[in-house]
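Numbering (full-length UniProt numbering), first residue to last: 1 to 104.
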């Protein structure tokens, strides 16, 4: 045998399902590769998002200072429940000191 018989005149040779699907897959893959390559060539380069270059030099020019320390830290923004409890604690501490409780 020399292979499949030649197709009669006027009729196209039909491919099997597996041959047809593999040929279509090849064509689609080739088209996708071409599309991806053409899209990436048109896109501009991405710009830099962030850098900290030279910032530490700028900070050291004027000197890095410690934060000011106060005798009493402000209570602005502190939890209200904690503040209320602190008020009662201070109030009752004063009561004990005024009685002068000391046993000898």
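From the three backbone atoms N, C-alpha and C, an ideal C-beta is built for every residue, glycine too.
Would you report the Cα separation of residue 26 and residue 44, rounded to the nearest angstrom?
30 Å
Beta-carbon contacts of residue 56 that lie in its chain and below 8 Å, excluding the five residues immediately before and after
none
Would you report the Cα separation of residue 49 and residue 70, rounded to the nearest angstrom?
39 Å
Quick one: what does DSSP say residue 53 is sitting in, helix, strand or coil?
coil
When you compare only the Cα positions, how much space is there between residue 78 and residue 67?
19 Å
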